[in-house]
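What follows is one structure encoded as structure tokens, with my remarks underneath.
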Amino acid sequence: MIDENNYEKRKSAYARYEEYVNGRSSQTDNRGGFESCGNFRQGLSIYQMDQRTLEAGAACKWDFDNCAGVPLDYDIGRKVVYADGSDAHTLLIGATGSKKSRLIVMPTIRVLTSANENMIVSDPKGELYERTAGFLNENGYQIHTINLREPQKGDCWNMLAIPYQLYCTGDTDKAYEFINDMTINLIPVADKDPYWDYSSRDLLFGLILLLFKICNTMKLSDELVNMQGVLHLREELFIAADSDRIQRSELWQFAKEDAFIRVRLIGTVICPEKTMSCILSTFDQHMSCFSLQPKVVEMLSCSSFDLNDIGFTKSAIFLIMPDEKTTFHKIISIFLKQIYEMLIDNAFKKTKTGRFPSRINFILDEFSSLPTIPDFPQMIAASRSRNIRFVLVVQSKHQLRQRYQEETDTIMSNCSNWMFLTSREIQLLREISELGGTTGTNYQPLLSISKLQHMDKEKGECLVFCGRKKPYIAKLPDIELYDNGNPPALDMPIRKNRQTIQISYKFFTQLVHQFKHTAELSKETLDSSEDLMDIQEELEKKFDELFGKNDDSDSTDM
1 MIDENNYEKR KSAYARYEEY VNGRSSQTDN RGGFESCGNF RQGLSIYQMD
51 QRTLEAGAAC KWDFDNCAGV PLDYDIGRKV VYADGSDAHT LLIGATGSKK
101 SRLIVMPTIR VLTSANENMI VSDPKGELYE RTAGFLNENG YQIHTINLRE
151 PQKGDCWNML AIPYQLYCTG DTDKAYEFIN DMTINLIPVA DKDPYWDYSS
201 RDLLFGLILL LFKICNTMKL SDELVNMQGV LHLREELFIA ADSDRIQRSE
251 LWQFAKEDAF IRVRLIGTVI CPEKTMSCIL STFDQHMSCF SLQPKVVEML
301 SCSSFDLNDI GFTKSAIFLI MPDEKTTFHK IISIFLKQIY EMLIDNAFKK
351 TKTGRFPSRI NFILDEFSSL PTIPDFPQMI AASRSRNIRF VLVVQSKHQL
401 RQRYQEETDT IMSNCSNWMF LTSREIQLLR EISELGGTTG TNYQPLLSIS
451 KLQHMDKEKG ECLVFCGRKK PYIAKLPDIE LYDNGNPPAL DMPIRKNRQT
501 IQISYKFFTQ LVHQFKHTAE LSKETLDSSE DLMDIQEELE KKFDELFGKN
551 DDSDSTDM
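Take the sequence shown: its position 432, counted from the start at 1, is 432 in the working numbering, and no numbers get skipped.
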């Protein structure tokens, strides 16, 4: 028998929930027509902007425990933005032109700046830097930029610097991990004929190790340890696709002394001429990004800042890249993986708790356009315990699945906050509609597919799933509400032309030849010294036979 009273209560509750989600509640507050629905705002940081500070082009920050996060809600009357100050990761989904940057990404940077949190931002168009760098500078941040759109501006970064430092200090296992991650990003494996790509990876791994061995053994300048040095080694060792000639070369004789180098290179060194030519051709094609633009080559030849400082000084790093082509996207993926590994290592070695004292935020705009980052599901799962947080911005789930395939669901499920603006992807719309729940009477979806496609862009409507709270449609303010449309500007410095070491033809071959020649001379000198000692011993024995041993203990002073 149905309890009519209980049924009516449940029916009424579902109706109020439906009105709340669809913005039709009669019990409204200043959020623009949405019911407060209990304790949604409880525990969220508060970013308040009153009229005086807005007119002055500034903002006043109130927060809990000096932490902040992605804006999730807005109180129109009080001019208050509610942000998630927890360690929850956020996934933002919106098709191109849906105001992802203006409604959420730029405001997130602004709010995090007021809370003195560190951030690493992928910035495809450079517009995030342009809008927020001045405010960061005014708040005392150290700002670094890896600018692949205008490589003559900003900082330099050498992707081999940290692995080489680890190699020289004896931490070869960690160095090899970094190198392996680099080879995976630089040389993706095709579904058809993967042999050539796998062989190219081994070749790259071996050449990097050979460069490390040469420069470390011969005490050469660290400025030689970069990708240009690797490409010079490739030209010298494989000057011709002739296995016999390569095996007789002094460079190969030096390389094969190291078992790890030998194992990585031998698959290319000892193979038929046609096979070797195909491997080298595939390798050169993947490495073309390091020879297209002289300014990019210069920018990647050294490092102008220390990644080890991130997390211990108030820092913001912008990764600017062309959004119209993907040539350099692999370099950004390598940077993200490398700095994450450094952060995890430093959290373990340099902090007592294994957590950074100040949170580090990865704000990855156009995340699904970047090449696959190795082990990213594990990265996002383990980062929270180190006080590292991710904000992933994608255009569609389909695009994300193209990159991460079966790992896509793992990545999405590790994001407690989902923010949805708009999409025409029917599978995603169905999934979000199901997550929104159904009515209690006829089990119709509270969030229909039609409703999801018609949220008001100009009003900043955004569907938010925040942890275990009920979903709701927020009306988020544009970035102009934060900076009054007049953000402080900060011009990106133009880097002075840097004198790089010019590597001549057969440079490394000559170094190895000279090193071996010096070693042989030293050995000959040592052998000569040993021969002289043997002769001296023979003379002493002969002297004792003729004249007897001279026993100093039997002699007495007269």
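Cβ coordinates follow ideal geometry from the N, Cα and C atoms, glycine included.
- Of the candidates Phe238, Val464, Arg245, Phe238 places its Cα closest to the Cα of Phe283.
- Distance from the CA atom of Lys100 to the CA atom of Lys516, rounded to whole angstroms, is 60 Å.
- Taking a C-beta distance under 9 Å as the contact criterion, Leu421 and Ile411 do not qualify as a contact pair.
- DSSP, read as helix, strand or coil, puts Trp418 in strand.
- Around Gln142, the same chain offers Thr313, Lys314, Ser315 as residues with beta carbons nearer than 7 Å, after the five sequence neighbours per side are excluded.
- If you draw a straight line from the Cα of Glu223 to the Cα of Ile120, it is about 26 Å long.
- Counting only runs of at least 4 residues, the segment 62-144 fully encloses the following alpha helix (DSSP H) elements, listed from N- to C-terminal order: 106-114, 127-138.
- For Ile494, same chain residues with a beta-carbon under 7 Å away, outside a window of 5 residues either side, are Gln152, Lys153 in chain order.
- The alpha-carbon separation between Phe362 and Ile380 amounts to approximately 10 Å.
- In this model, Cys215 and Ser288 are separated by some 24 Å (Cα to Cα).
- For Tyr472, the enclosing beta strand (DSSP E) stretches over residues 472-475.
- If you look at Ser315, you'll find it in the beta strand (DSSP E) that goes 315-320.
- Looking at the backbone, the Cα of Asp173 and that of Thr113 are separated by about 37 Å.
- Non-local C-beta neighbours of Cys466 in its own chain, meaning closer than 6 Å and more than five positions away in sequence, comprise Leu72, Asn417, ordered along the chain.
- Here Phe260 carries a helix assignment [DSSP, helix/strand/coil].
- When the five nearest sequence neighbours on each side are left out, the beta carbons in the same chain lying within less than 6 Å of the beta carbon of Ile360 are those of Asn118, Gly311, Ile388, in order along the chain.
- Secondary structure at Glu461: strand, using DSSP grouped into helix, strand and coil.
- With distances taken between CA atoms, Asn226 lies nearest to Leu160 out of Ile261, Leu160, Lys219, His232.
- Distance check between Lys79 and each of Thr518, Pro477, Lys506 places Pro477 closest, using alpha-carbon atoms only.
- Here Phe305 has His144, Asp155 as same chain residues with Cβ atoms under 7 Å from its own Cβ, once five neighbours each way along the sequence are excluded.
- With a cutoff of 9 Å on beta-carbon distance, Leu392 and Leu136 are scored as not near each other.
- At a Cβ-Cβ threshold of 9 Å, Leu166 and Phe178 count as neighbours.
- From the listed residues Ser291, Gly85, Gly126, Ile104, the smallest Cα separation to Asp491 is found for Gly126.
- The alpha-carbon separation between Arg201 and Asp171 amounts to approximately 22 Å.
- Contact annotation, Ile109 with Thr132: C-beta distance approximately 5 Å; criterion of less than 8 Å satisfied.
- When Leu319, Ile279, Thr408, Lys459 are compared, the shortest CA-CA separation from Ile339 is found for Leu319.
- In the displayed model, Ile363 falls within a strand according to three-state DSSP.
- Here Phe508 really is in contact with His232; their C-beta atoms are around 7 Å apart, less than 8 Å.
- Each residue's CA atom was taken as its position, placing Leu452 and Glu458 some 15 Å apart.
- Within the segment 378-447, the runs of beta strand (DSSP E) at least 3 residues long that lie entirely inside it are, in chain order, 388-394, 417-420.
- Counting C-beta pairs with one atom in each stretch, the segment 245-257 and the segment 180-194 have fewer than three that are closer than 8 Å, which means they do not touch.
- Distance from the CA atom of Leu207 to the CA atom of Lys213, rounded to whole angstroms, is 10 Å.
- DSSP places Lys352 outside both helix and strand once states are collapsed to three, so it counts as coil.
- Nearest in C-alpha terms to Glu150, of all of Pro471, Ile449, Glu298, is Glu298.
- The beta carbon of Asn158 lies closer than 7 Å to those of Asn226, Leu300, Ser301, Cys302, Ser303 in the same chain, with the five residues before and after it left out.
- Ser423 is the residue among Ser423, Ile331, Ile332 whose C-alpha sits nearest the C-alpha of Leu463.
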